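Peer 1:
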Amino acid sequence: MLGMTTLFGTVPLKDMDPSALTLAIFGEIGRIPTIDGVKVSTALSAASFLHLHQTRANRKGLPRTSYIEHPLRNALRVLRWGVESEAVLVGVILHDTVEDCLDRILAAFVPGDWSGLNTTAQRELAYRWITTEFSQEASGIVRALTNPVASGEKLSKAEKREKYASDVAGKILGNAGAFIGKFTDFMDNAGGLHHNAVPGHEGMVSHLAAKYGPVVPIFQAELIANNGPIRALVSDAGYAEIEYKLSVLGDRLAALQASPGGPA
7 MLGMTTLFGT VPLKDMDPSA LTLAIFGEIG RIPTIDGVKV STALSAASFL
57 HLHQTRANRK GLPRTSYIEH PLRNALRVLR WGVESEAVLV GVILHDTVED
107 CLDRILAAFV PGDWSGLNTT AQRELAYRWI TTEFSQEASG IVRALTNPVA
157 SGEKLSKAEK REKYASDVAG KILGNAGAFI GKFTDFMDNA GGLHHNAVPG
207 HEGMVSHLAA KYGPVVPIFQ AELIANNGPI RALVSDAGYA EIEYKLSVLG
257 DRLAALQASP GGPA
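Just so you know, we're using our numbering here: the sequence shown kicks off at 7 and counts up by one.
Below, the structure written as structure tokens:
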């Protein structure tokens with residue numbers, strides 16, 4: 007019988023449900039001696055538990071899907087890029103947990119009374135749990151992929167887009183693991199945006215394209231500036247794919263932004 011890696015190796019990520027994605031991940035890591043399968047299994051279990059009952063919008067008006075599909079796709083994508091770093095893989099799997107599941111992390115994994123702490127302090131407890139359970143590097147990648155706590159400051163749409171781009175630039179600067187984690191997340195969000203370009207969604211798609219478009223040259227510049235460490239994390243084929251995706255994303259997002267109902 008064909009192995010799991012062979013069975014799922016050519017299946018597009020968008021066509022895989024959580025069970026297929028999980029099997030494919032284990033098929034990939036089975037050939038990588040630098041990755042501890044038990045640690046990955048623990049990370050997958052934690053992420054699945056923490057994201058339980060959360061859903062995510064699907065492409066082309068299809069029914070919403072389990073949120074866990076998103077980090078699973080991101081994880082399998084980096085494995086297909088040739089990533090063999092356990093910390094990067096674990097960080098990608100857990101990347102949305104601190105931002106979206108903070109209360110559940112604290113209730114399940116952090117003993118004590120933390121109710122009097124503000125969100126920033128509570129997040130630090132969550133990062134400490136990830137460090138203890140997995141590694142400091144994995145925790146650092148989750149931190150780099152977590153959006154800042156909302157300041158409460160009222161910003162215009164243009165100011166929000168500028169802040170997002172600035173945050174991405176700061177998080178990936180000189181950090182190859184964060185670059186890989188952030189770019190696989192970017193691919194799952196911005197890279198698949200064209201699937202939502204259907205009648206009735208023009209305004210939403212154009213708004214998101216305006217948000218994501220300015221980030222493409224930021225990734226391109228960092229890929230050049232930190233080329234060696236980034237190349238060391240992926241295969242030659244994976245690096246070529248990252249270069250290619252960046253080369254086409256800018257024009258694609260610009261076209262989506264120009265669609266009717268888009269931002270001025």
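Note that CB positions come from ideal geometry on N, CA and C, so glycine has one too. Every value quoted in this text rests on a predicted model; they were computed, and no experiment measured them.
Tell me whether A132 is buried or exposed, calling it buried when 16 or more other Cβ atoms sit within 10 Å of its Cβ.
Peer 2: Counting from 1 along the sequence shown, the entry for residue 132 is found at position 126. Answer is buried; the Cβ neighbour count reaches 16.
Peer 1: Whole angstroms are fine: how far does the CA of K163 sit from the CA of G15?
Peer 2: Reading the sequence shown from its first residue, position 9 is the one you call residue 15. Reading the sequence shown from its first residue, position 157 is the one you call residue 163. Roughly 40 Å separates the two Cα atoms.
Peer 1: Please identify the residue among I236, E247, Q128 and M193 whose C-alpha is closest to the C-alpha of L259.
Peer 2: As a working mapping, residue 259 is identified with position 253 in the sequence shown. Nearest of I236, E247, Q128 and M193 to L259, Cα basis: M193.
Peer 1: If we call anything under 9 Å between Cβ atoms a contact, is R62 one with T190?
Peer 2: Walking along the sequence shown from the start, residue 62 turns up at place 56. Walking along the sequence shown from the start, residue 190 turns up at place 184. Not a contact, by the Cβ cut-off of 9 Å.
Peer 1: Which residue marks the beginning of the alpha helix (DSSP H) containing T103, and which one marks its end?
Peer 2: Residue 103 sits at position 97 when you count from the first residue of the sequence shown. Its alpha helix (DSSP H) spans residues T103 to D106.
Peer 1: What's the gap between the Cα of K188 and the Cα of L95?
Peer 2: Translated into positions along the sequence shown, residue 188 becomes position 182. Translated into positions along the sequence shown, residue 95 becomes position 89. Distance between the alpha carbons of K188 and L95: 12 Å.
Peer 1: Buried or exposed: E159, going by 16 or more other Cβ atoms within 10 Å of its Cβ?
Peer 2: Locating residue 159 in the sequence shown gives position 153, counting from the first residue. When all chains shown are included, E159 counts as exposed.
Peer 1: Does the Cβ-Cβ distance between A184 and Q263 come in under 9 Å?
Peer 2: Numbered from its first residue, the sequence shown carries residue 184 at position 178. Numbered from its first residue, the sequence shown carries residue 263 at position 257. No; because the gap between Cβ atoms is not below 9 Å, this pair is not in contact.
Peer 1: Using a 10 Å radius around the Cβ and a threshold of 16 neighbouring Cβ atoms, would you call K20 buried or exposed?
Peer 2: Reading the sequence shown from its first residue, position 14 is the one you call residue 20. It is exposed - the Cβ of K20 has fewer than 16 other Cβ atoms within 10 Å.
Peer 1: Is it right to say S145 is buried, meaning 16 or more other beta carbons lie within 10 angstroms of its own, or is it exposed?
Peer 2: Translated into the one-based positions of the sequence shown, residue 145 becomes position 139. Buried.
Peer 1: Kindly identify the DSSP beta-bridge partner or partners of I237.
Peer 2: In the sequence shown, residue 237 corresponds to position 231, counting from 1. Reading off the sequence, residue 237 comes out as Arg, not Ile. DSSP lists no partner for R237.
Peer 1: Between R70 and the rest of its own chain, which residues show a CB-CB distance below 8 Å, the 5 nearest in sequence each way excluded?
Peer 2: Within the sequence shown, residue 70 is the residue found at index 64, counting from 1. Closer than 8 Å at Cβ, skipping near neighbours: T61, R62, A63 and N64.
Peer 1: Do A150 and I178 have their CB atoms nearer than 9 Å?
Peer 2: Locating residue 150 in the sequence shown gives position 144, where the first residue counts as 1. Locating residue 178 in the sequence shown gives position 172, where the first residue counts as 1. The answer is yes: Cβ separation under 9 Å.
Peer 1: Between the region 212–231 and the region 163–175, are three or more C-beta pairs nearer than 8 Å?
Peer 2: Enough Cβ pairs lie closer than 8 Å, so yes.
Peer 1: So, are the CB atoms of G97 and E143 less than 9 Å apart?
Peer 2: In the sequence shown, counting from the first residue as 1, residue 97 sits at position 91. In the sequence shown, counting from the first residue as 1, residue 143 sits at position 137. The answer is yes: Cβ separation under 9 Å.
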